[in-house]
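Q:
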Amino acid sequence: MSNSEISSALSEVTQNTEEVKQENHDKPLSEELSNVTLEEKELILPEEANTSAESLALLDDHFKTPQPPPPPDLTRQVSEDEMLSRQRHLSMLIAEEEESEYVNSASWRDQKRHIFILTEAGKPVYSRHGSEDKLSAVMGVMLALVSCVQDRNDTLRSIHAADHKFVFLIKMPLVLVAVCQMPLTVPQIMGELEYIYNTVISVVTLTQLDRIFEKQKNFDLRRLLSGTDKFLDHLCSSLDSDPQYLLRAIQCYPIPGSIRDVIGQSLQQAKTDDLAFAVLLCSGQVVSVCRMKEHNLKPNDLLILINLITASTAFNDGESWLPICLPEFNPNGFLHAHISYLDDGRNMCLLLLSADRDAFFKLSESRMKVVNKLNRHDCIKTLQASLGKSTYNVSKLGVADLRHFIFKDTNLSQFTFPCFSIPYTIEEHRTRLFGHYQRLRGKLHDPHIPVKLVYEISEHETMLGWVASGFELHAAFGPLVTKKQAIAAVDRLLRWVKQNDDELFMQRPPTF
Amino acid sequence: MEIDSYFIYNSLLGPKEGEEIKKLLFYFPKEQKLFRKINDVGLCEAIVQFSNTFLSHGHCKYMQTNDRIYLFHEPEPSFWIVLSMRKPSGNEFGGIKDEALLSTYQFILEESYERFCLWHNTFAALLEAFGTAILISKCKFFFEEFLEQFGRTPKLEKNLFGGFQYFSQDKSSILNFRSLLSRVQETFPEVLSVTFFHNGQLILTDLSDGPCSVLSKAFHSQLNPTNSSRSKFNKKKVVRKLKYGSIYVHLKSVHFPALFGECQVCIYCVSNFTIIFLISCGIEADDYFSKIDMVVGAQLTSLVSSVLSITESKKSLPELNLKFLYSNKLNKSLVASNCGNLNDVAIETLTIPNDVLQKMYVMHEFILNHRKHDYEIMEKVQADCWLSLKVLHGKELYVVIHHKNANLICVNDDIKKLSFQFDNISFAD
């Protein structure tokens, strides 16, 4: 099959998977789905077994440790003439860039965070702000800079100018660039670019990406990623305000531990031969995750799933079937996600992830089993009743002087934080607080000189960041709090978390 | 880290393709291949222009690659100085360590230009007056020697406070020197500026920090009488002996483009005091310095005893079980925990672990960059090492405490005790 055939067909698959679901209620779902899976068989994983008997072997393949992709050829010697000609080309591109429409627009330029994705051939793939088509000149310059530095057998990492940081993540055949005006360190911004890269991989898989670009260097990846922009946009917005990405951990939906256990047992009912994970989300937060014994669903993968669900309304109706790659689990292959909401309000979302691409109906039955068990124990009603009451106010703790906090259980990779109360109901103050959290975490996890505790008094807040064994705490107090008061408040906070840990965290994740 | 290259270019020169070499005014090391020189300039021009795309103010400061750091400085419009440092292999990038080193290397860049200007004038003025060839030869003459001083592996700059140290004084001493300064300004209108040093430490100046730092570094060897080069200087190079003091540097031409333009420097010493005068061009009268000597020399001789008593009182500060550095920009004082030897109040004498020292640099940079007036931070850097910084209206107190199993409150109590020693009750919690 030729490259163009592959790409156009793949593009159809990705475009249609969302539309496929229940868009045409007249057509039987099975017919639609069989079309999709047939194409996937041929195009995505042609060499893999497709009989249900072989699905276990397929699952084993998924669980194998992924092999890292071959590194870009940085040792290639470039001739002096070639270097000079690239240099001149770069100067020419810079001149073109200055005439670009967006570059001369202050509203585009002054965005706090730009994200660009381009291919090794300089083809634009994604831009957070503005149409990537109109930014091809800017992206051309980015690629030219990367290659000019590579000509010296070196790799461009970051440029620092005024209050901007330009960070480059080179994952051939892709180059990701962040232009950031935030109090983040370069390793933190690199981490954010990794999230974005993983989201791209979740749509195409690493093997597929390498294979396509091996054959056709100037392939336009947008054809494969069409429809993915909204997920990337949502992810980029979340980076600015969602602590899940900052902390590399997940926030659990707070419910009593006993109910969470029953929900976990209900998820176990979904068990089939090739079911890898079952996840129940409520209001975009994890209620419970059930997994195969030997395999973990890492926070980074879970965040991809959460972003997928929260960014789109495409899964709102009926049951959806979507191939998705979880890069930490296995960057080289797809899992197949059965996605459905369990309530009319579209709050409770059940995800069943299987290695078998033909398992839709099997998983549909599993879903019924889960729903039956949940209903038997009134779990859905309980969750519905808890909606809107699930977040707590910091005043609930009864700790004077404490304005806000984030507590992360490092063993569980889960965290909890109260809703934003006065003064953080105003966006300006909330943004400042999040900036403090970003900066504090940058200090605590500096790759060279990590710090165990930071206590910082500034005009608006007193911040405390503390990394201890088993947890990480970030707390905000009023600017006039004394250290004694702050320490006493932290003691009380830790006691409160300990008392409520069963409700705040998923302590006993079930397995199949 | 070692210096990989250091070069100066003007992006307006040699605009045509094939003429790129004309942009280059200086390149170190000179043995580097021509194509690489041109390539370096082209890459840096592109980096600067690209970053400008996203900037509404400011300009590119530095670029990091896996192996190198490129630092940029644009001292005059379109004139760029770039310093590229090669990292030791296997060194990761992006942490606080790099930021601390960067401030040091940025300092090398800025200082190299300021020193060049002091002796030769600005790039633009030289280009306009003499043309490119002379500018290139002056750059070659100056920067090759300058870079030789640093060597290929410059050490971390040890002084946080702009390269010169303040002499800590009491109120009456400050008033005495202020009145002397006013008297000089009134009596000798040709004197553009006066800077007083005692044993190499700054007492008082009417210059701002930048020019004062440039002057004190350019004439470093003449400022401290205990310095060996000064002793050598003493014997051989006293230009003129006067009634009270002596002149060591007589009317040497220097440039302060933004302040006075071209002027003359004169270094005059009495006892352990060194005074740098900046004087308008055209003063040559022999009796001019005799008159200055009569006013300044006589007054300084009478101040010797009061200054000595201040130095003695500092020695009596009690020994503390912590290391601290206190700077008050209002009364120009700098005190460190090893105050017995104030001649070398450099952080290196505090024997602070390198990691903690680098954190101090980052904190200092943060204060400078964010113009923080009221700020306090405490960090537990290693298992038993705490670093604290308090900032209050121009006063900065850094404290390093090694205290096993100490918590925030214990450490704070120690710092509080120390704060009271500086009569800074407002520093206390």
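Chains as they are written, first to last, in UniProt numbering: chain D, 1 to 512; chain P, 1 to 429. C-beta atoms are modelled at their ideal positions from N, C-alpha and C, and glycine is treated no differently.
Can you tell me whether Arg260/D is buried or exposed? The criterion is at least 16 other CB atoms within 10 Å of its CB, across all chains shown.
A: Position 260 of the first sequence holds residue 260/D. Buried, since its Cβ has 16 or more Cβ neighbours within 10 Å.
Q: With 8 Å as the threshold, decide whether the Cβ of Gly94/P is near any Cβ in chain D.
A: In the second sequence, counting from the first residue as 1, residue 94/P sits at position 94. Any reading at Gly94/P must be qualified, since the residue scores a pLDDT of 49, below 50, and its modelled position is unreliable; no value is offered.
Q: With distances taken between CB atoms, is the gap from Phe7/P to Leu24/P smaller than 8 Å?
A: Residue mapping note: residue 7/P aligns to position 7 of the second sequence, counting from 1. Residue mapping note: residue 24/P aligns to position 24 of the second sequence, counting from 1. A contact, by the Cβ cut-off of 8 Å.
Q: If you follow the alpha helix (DSSP H) that Thr382/D is part of, which residue opens it and which one closes it?
A: As a working mapping, residue 382/D is identified with position 382 in the first sequence. Boundaries of the alpha helix (DSSP H) harbouring Thr382/D: Cys379 to Ser386, taken from the DSSP string.
Q: Give the interface partners of Val138/D over in chain P, defined as CB-CB distance under 8 Å, in chain order.
A: Along the first sequence, read from residue 1 onward, the residue named residue 138/D stands at position 138. By Cβ distance, chain P contributes Thr53.
Q: Please look up how many angstroms separate the CB atoms of Val194/P and Ile275/P, rounded, as I've assumed it's under 8 Å.
A: Numbered from 1 along the second sequence, position 194 holds the residue referred to as residue 194/P. Numbered from 1 along the second sequence, position 275 holds the residue referred to as residue 275/P. Rounded to whole angstroms, the Cβ separation of Val194/P and Ile275/P is 6 Å, and the two are in contact under 8 Å.
Q: Name the DSSP beta bridge partners of Arg113/D, please?
A: For this step, residue 113/D is matched to residue 113 along the first sequence. Cys180/D, per the DSSP bridge assignment.
Q: Use the C-beta contact count for Cys400/D: other C-beta atoms within 10 angstroms, 16 or more gives buried, fewer gives exposed.
A: For this step, residue 400/D is matched to residue 400 along the first sequence. First, the amino acid is wrong: residue 400/D is Ala here, not Cys. So Ala400/D ends up on the exposed side.
Q: Who are the near neighbours of Thr122/P in its chain, counting only those whose CB is closer than 7 Å to its CB and skipping five residues on each side?
A: The residue labelled residue 122/P in the question sits at position 122 within the second sequence. Contacts found: Glu76 and Pro257.
Q: Leaving out five residues on either side along the sequence, give the residues of the same chain with a beta carbon under 8 Å from the beta carbon of His120/P.
A: By one-based count along the second sequence, residue 120/P stands at place 120. Cβ within range, chain order: Leu126, Lys138, Phe142 and His255.
Q: Which residues of the stretch 170-201 of chain P have a Cβ closer than 9 Å to any Cβ of chain D? Give them in chain order.
A: Residues are counted here when their Cβ sits less than 9 Å from a Cβ of chain D; for the stretch 170-201 of chain P the count is zero.
Q: Beta-carbon of Ala475/D versus every beta-carbon of chain P: anything under 8 Å?
A: Start at 1 with the first residue of the first sequence, and residue 475/D comes out as number 475. With respect to chain P, the C-beta atom of Ala475/D has no partner C-beta closer than 8 Å.
Q: For Lys171/D, which of helix, strand or coil comes out of DSSP?
A: By 1-based counting over the first sequence, the position of residue 171/D is 171. Looking at Lys171/D - three-state DSSP - the assignment turns out to be strand.
Q: Between Ser84/P, Gln149/P and Phe116/P, which has its C-alpha nearest Ile136/P's C-alpha?
A: On the second sequence, residue 136/P is found 136 positions in, with the first residue counted as 1. Per the C-alpha coordinates, the member of Ser84/P, Gln149/P and Phe116/P positioned closest to Ile136/P is Phe116/P.
Q: For Pro323/D, write down the residues that DSSP places opposite it in a beta bridge.
A: As a working mapping, residue 323/D is identified with position 323 in the first sequence. Beta-bridge pairing links Pro323/D to His336/D.
Q: Beta carbon of Ile279/P, beta carbon of Tyr248/P: below 8 Å?
A: The residue given as residue 279/P occupies position 279 in the second sequence. The residue given as residue 248/P occupies position 248 in the second sequence. It is not a contact, given that the beta carbons lie outside the stated cut-off.
Q: Using the beta-carbon of each residue, which ones in chain D are nearer than 7 Å to Asn412/P?
A: Residue 412/P sits at position 412 when you count from the first residue of the second sequence. Under the 7 Å cutoff, chain D gives Lys483.
Q: In terms of residues, what are the limits of the beta strand (DSSP E) holding Cys290/D?
A: Counted from its first residue, the first sequence places residue 290/D at position 290. Counting along the chain, the beta strand (DSSP E) containing Cys290/D begins and ends at Gln285 to Arg291.
Q: Are the stretch 407-417 of chain D and the stretch 362-380 of chain D touching by the rule of at least three beta carbon pairs closer than 8 Å?
A: no
Q: Can you pull the chain P residues whose beta carbon is under 8 Å from the beta carbon of Leu90/D, in chain order?
A: What you label residue 90/D is simply residue 90 of the first sequence in a count that begins at 1. Chain P residues near Leu90/D: Gly42, Leu43 and Ala46.
Q: Over what stretch of residues does the alpha helix (DSSP H) that includes Asp287/P continue unbroken?
A: By one-based count along the second sequence, residue 287/P stands at place 287. Run containing Asp287/P: Asp287 to Ile292, per the alpha helix (DSSP H) assignment.
Q: Is Asp356/D near Asp274/D, with beta carbons less than 8 Å apart?
A: As a first step, residue 356/D must be located in the first sequence, where it is residue number 356. As a first step, residue 274/D must be located in the first sequence, where it is residue number 274. Judged by their CB atoms, Asp356/D and Asp274/D are nearer to each other than the 8 Å cut-off.
Q: Consider the Cβ of Ile449/D: report whether some Cβ of chain P lies at a distance smaller than 8 Å.
A: Looking up residue 449/D in the first sequence gives position 449. Ile449/D counts as touching chain P.
Q: Excluding sequence positions up to five away, which residues of its chain have a Cβ less than 8 Å from the Cβ of Gln251/D?
A: Position 251 of the first sequence holds residue 251/D. Cβ-Cβ distances below 8 Å link Gln251/D to Pro243, Gln244, Gln285, Val286, Gln414, Phe415, Thr416 and Phe417 in the same chain, with the five nearest sequence neighbours on each side left out; the list follows chain order.
Q: Counting only beta-carbon separations shorter than 8 Å, does Cys60/P have a partner in chain D?
A: Reading the second sequence from its first residue, position 60 is the one you call residue 60/P. Closer than 8 Å: yes.
Q: From Ala489/D, Pro509/D, Gly435/D and Leu156/D, pick the residue whose C-alpha is nearest to that of Ser395/D; which is it?
A: Within the first sequence, numbered from 1, the residue matching residue 395/D stands at position 395. If we check each option's Cα against that of Ser395/D, Ala489/D comes out closest.
Q: If we define contact as Cβ-Cβ less than 8 Å, is Thr65/D a contact residue for chain P?
A: Start at 1 with the first residue of the first sequence, and residue 65/D comes out as number 65. Note that Thr65/D scores 38 on pLDDT, short of 50, meaning its location in the model is unreliable; the coordinates nonetheless yield the value given after this. No - not a single Cβ of chain P is within 8 Å of the one on Thr65/D.
Q: Going by C-alpha to C-alpha distance, which of Ala106/D, Arg291/D and Ser131/D sits closest to Leu353/D?
A: Your numbering for residue 353/D matches position 353 in the first sequence. For Leu353/D, the nearest C-alpha among the options comes from Arg291/D.
Q: Going straight from the alpha carbon of Leu221/D to that of Val451/D, what length do you get?
A: Indexing the first sequence from 1 puts residue 221/D at position 221. Indexing the first sequence from 1 puts residue 451/D at position 451. CA-CA distance, Leu221/D to Val451/D, rounds to 41 Å.
Q: Taking Ile263/D and Leu280/D to be in contact with their CB atoms under 8 Å, please state how far apart those CB atoms are, rounded to whole angstroms.
A: Taking the first sequence and counting its residues from 1, the one referred to as residue 263/D is at position 263. Taking the first sequence and counting its residues from 1, the one referred to as residue 280/D is at position 280. Yes, they are in contact, since the Cβ atoms of Ile263/D and Leu280/D sit about 6 Å apart, within 8 Å.
Q: Taking 8 Å as the CB-CB cut-off, is Val175/D touching chain P?
A: For the purposes of this step, residue 175/D is taken as the residue at position 175 of the first sequence. With 8 Å as the cut-off, Val175/D does not count as an interface residue toward chain P.
Q: When the Cα atoms are used, what is the spatial distance from Ser2/D to Ile212/D?
A: Looking up residue 2/D in the first sequence gives position 2. Looking up residue 212/D in the first sequence gives position 212. For Ser2/D, the pLDDT reaches just 38, beneath the cut-off of 50, and the residue's location in the model is therefore unreliable, leaving the point undetermined.
Q: Is there contact between the stretch 476-485 of chain D and the stretch 41-49 of chain P, where contact requires at least three CB pairs shorter than 8 Å?
A: Segments in contact, no.
Q: Where DSSP assigns a beta bridge to Leu353/D, which residues make up the other side?
A: On the first sequence, position 353 is the one that residue 353/D refers to. Bridge partners of Leu353/D: Phe277/D and Ala337/D.
Q: How close, in whole Å, do the beta carbons of Ile457/D and Lys359/P come, if the pair is a contact with beta carbons under 8 Å?
A: Taking the first residue of the first sequence as position 1, residue 457/D is located at position 457. Taking the first residue of the second sequence as position 1, residue 359/P is located at position 359. So it is not a contact: roughly 17 Å between Cβ atoms.
Q: Assign Ser419/D to one of two classes, buried (16 or more other C-beta atoms within 10 Å of its C-beta) or exposed (fewer than that).
A: Along the first sequence, read from residue 1 onward, the residue named residue 419/D stands at position 419. The question names Ser, but residue 419/D in the sequence shown is Cys. Result: exposed.
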